[in-house]
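Taking it in order: structure first as structure tokens, then the write-up.
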Amino acid sequence: FPSHDIQVSKEANNLTTALKGNTKMQGNWGEMLLESILENSGLTKNREYWVQEFIKDSSGNTIKDAEGKSLQPDITIKYPDERLIIIDAKVSLLAWEQYCSAADIAQQQQFLQQHIQSLKNHINNLSKKNYAHYAKALDYVLLFIPIEPAFLEAVKEDVQLWKYAYDKRILLVSPTNLLAVLKIVADLWKIEKQNQHAI
């Protein structure tokens, strides 16, 4: 499968370039991966989920947070009962790339701690947005960590990290467990459509 190998190699190089770039480039890559997962979840864009949509009130006005910033989640997913799931994909993985490239164990440990602190900083900032207060959103926002090992190593190293996020109403998700969540939502929509058809 030479063409497949070339494609995988190309994607790996693109990932490396993204990780060594800036946070904005990483965020764009994370959002692309997130959209790819959504496209394979059984949900339909602009019907059950929306990308970079501003949250608006019943009059169509854009809702702003306590700091006056418009609320524009990376992904908004609608449940059949009209409630929203908010997904954020802007977490920085610069420290994770440095951890992966580190020459010795001491350096690795240092960068792993920086990676965990970076996640905590993002959790704190995301918590301040308080989506559930301003929008008809579920109580928890999903924080998408696009690289499985970056998620697994962080929660293994800091066993309180998941609870730290949970207490701030943030759920940490990786590609694998996010897909499982999305499949459940897709099934709920399938049941809703069957019920509507029956009626």
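Counting from 176, one number per residue, gives the positions in the sequence shown under my numbering. The C-beta atom is built at its ideal place from N, Cα and C for all residues, glycine as well. The structure presented is a predicted model; accordingly, all values stated were derived computationally and were not measured.
Inter-residue Cα distance where the pair is residue i and residue j
i       : j       : result
Ile-366 : Glu-214 : 19 Å
Thr-237 : Leu-327 : 36 Å
Gly-235 : Phe-286 : 44 Å
Ala-329 : Asn-370 : 42 Å
Gln-284 : Leu-268 : 15 Å
Trp-147 : Glu-257 : Absent from the structure is residue 147, since the part of the chain shown begins at 176 and ends at 374.
Gln-288 : Ile-322 : 17 Å
Lys-265 : Asp-279 : 29 Å
Glu-206 : Ala-310 : 22 Å
Ser-216 : Cys-275 : 30 Å
Asp-232 : His-372 : 30 Å
Pro-255 : Asn-221 : 14 Å
Phe-176 : Lys-368 : For Phe-176, the predicted model reports a pLDDT of 42, less than 50, meaning its position is unreliable; a value from the coordinates is still stated below. Computed Cα separation, rounded: 41 Å.
Residue burial classification, residue i (beta-carbon count within 10 angstroms, cutoff 16)
i       : result
His-263 : According to the sequence as given, residue 263 is Asp; it is not His. It counts as buried.
Pro-324 : exposed
Lys-244 : exposed
Asp-249 : buried
Ser-293 : buried
Glu-272 : buried
Ala-270 : buried
Val-334 : exposed
Lys-304 : buried
Contacting residues, own chain, Cβ-Cβ under 7 Å from residue i (five flanking each side not counted)
i       : result
Ser-302 : Lys-343, Arg-344, Ile-345
Gln-227 : Gln-247, Asp-249
Phe-319 : Gly-205, Leu-209, Ile-262, Asp-263, Ala-264, Val-348, Leu-353
Cβ-Cβ distance between residue i and residue j below 8 Å
i       : j       : result
Tyr-341 : Lys-295 : no
Ile-260 : Leu-218 : no
Glu-332 : Ile-298 : no
Phe-229 : Leu-209 : no
Residues near residue i in its chain [Cβ-Cβ closer than 8 Å; skip 5 each side]
i       : result
Ile-212 : Pro-350, Leu-353, Leu-354, Leu-357
Glu-223 : Ile-252, Lys-253, Val-360, Ala-361, Trp-364
Residues bridged to residue i (per DSSP)
i       : result
Thr-237 : Lys-231
Ile-345 : Val-316
Ile-366 : Its beta-bridge partners do not exist; DSSP assigns none.
Tyr-224 : Lys-220, Ile-252
Beta-carbon proximity list for residue i, same chain, < 6 Å, skipping 5 on both sides
i       : result
Tyr-306 : Ile-261, Ala-312, Val-316
Trp-225 : Thr-251
Asn-300 : none
Lys-239 : Ser-245
Residue-chain proximity (residue i, chain C), Cβ-Cβ < 8 Å
i       : result
Ala-241 : Looking at the structure shown, chain C is missing, and only one protein chain is on hand.
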